[in-house]
């Protein structure tokens with residue numbers, strides 16, 4: 081059992097047990113058994129779509145377990161009637177990021193057209209796909225983009241030159257869309273926002289750029305061509 085515990089620990093972010101409000105006694109027991117037998121700490125326990133199983137949320141991963149907490153299943157549940165991947169639906173729900181958890185004051189705000197629509201983007205100054213996404217924003221227009229500079233590609237110096245420039249928004253835009261190198265910043269500069277952005281992205285489990293967060297909290301990893309981006313902006317609106 082120790083090997084199982086180590087494997088699960090390696091594959092999952094560990095969080096404290098957090099059962100939903102008014103959990104059943106059985107759900108509480110399942111969480112306790114899983115923890116005692118595997119050392120895996122669970123975010124949430126809830127009934128699975130299949131009778132007799134419980135769903136365990138661990139970070140952004142899902143597992144299924146029987147009521148005794150003995151048989152642990154790592155896999156997906158498909159509904160053969162509706163032809164839907166039920167696990168994928170739940171994973172999408174778990175990946176949603178509330179805008180209330182985003183410190184927008186740390187973002188570099190760029191407005192295209194009227195800027196009536198909003199997105200958050202975690203971007204890297206050495207990311208060519210981020211440049212492709214920038215071009216898509218310019219083409220679709222009418223969007224405000226909150227850019228969190230996320231230097232995960234050994235780009236700290238370049239990122240520092242952007243956030244410490246006299247006009248970070250214009251500097252970032254020119255760099256992404258035109259390939260202009262930001263003027264080197266000489267002397268002291270408060271670039272602590274980069275450390276905060278790295279911590280924020282790690283908390284959300286982001287390991288690549290660009291990462292787009294739409295108004296409804298849904299997350300998309302990677303660039304989008306203009307047509308796909310426009311469709312997403314129209315359909316992934318803030319939840320009422």
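Residue numbers (the numbering used here): 81 to 320. Heads up, the beta-carbon is just placed ideally off N, CA and C, and yes, glycines get one too.
- The beta carbons of residue 313 and residue 225 sit no closer together than 8 Å.
- With fewer than 16 other Cβ atoms inside 10 Å of its own Cβ, residue 127 counts as exposed.
- Taking 8 Å as the cut-off, the beta carbon of residue 242 is found no closer than this to the beta carbon of residue 268.
- Taking C-beta atoms under 8 Å as the contact rule, residue 306 and residue 274 fail to qualify, at a distance of about 29 Å.
- With contacts defined by Cβ atoms closer than 8 Å, residue 110 and residue 125 form a contacting pair.
- Scanning its chain for C-beta atoms nearer than 6 Å, with the 5 sequence neighbours on each side dropped, one finds around residue 191 the residues 224, in chain order.
- Look at the beta carbons and you see the segment 165-180 touching the segment 283-299: at least three pairs across the two are nearer than 8 Å.
- The beta carbon of residue 153 sits closer than 6 Å to the beta carbons of 144 from its chain, once the five residues preceding and following it are set aside; these are given in chain order.
- Taking the C-beta atoms as reference points, residue 257 is found no nearer than 8 Å to residue 310.
- Annotation: the segment 165-225 contains the following complete segments of the beta strand (DSSP E) (minimum length 3 residues), in chain order: 188-192 and 197-203.
- Beta-bridge pairing by DSSP links residue 126 to 135.
- By the 16-neighbour rule on beta-carbons within 10 angstroms, residue 286 is buried.
- With at least 16 other beta carbons inside 10 angstroms of its own, residue 248 counts as buried.
- Secondary structure note for residue 292: its beta strand (DSSP E) is the uninterrupted segment 291-293.
- By the 16-neighbour rule on beta-carbons within 10 angstroms, residue 234 is exposed.
- For residue 145, the uninterrupted beta strand (DSSP E) run begins and ends at 141-146, by DSSP.
- In the same chain as residue 165, and ignoring 5 residues on each side of it, the C-beta atoms closer than 7 Å to its own belong to 156 and 158, in chain order.
- Going by beta carbons, residue 142 and residue 171 fall inside the 8 Å limit.
- Residue pairing from DSSP places residue 159 in a beta bridge opposite 164.
- In this model, residue 209 and residue 245 are separated by some 23 Å (Cα to Cα).
- Going by C-alpha positions, residue 132 is about 15 Å away from residue 105.
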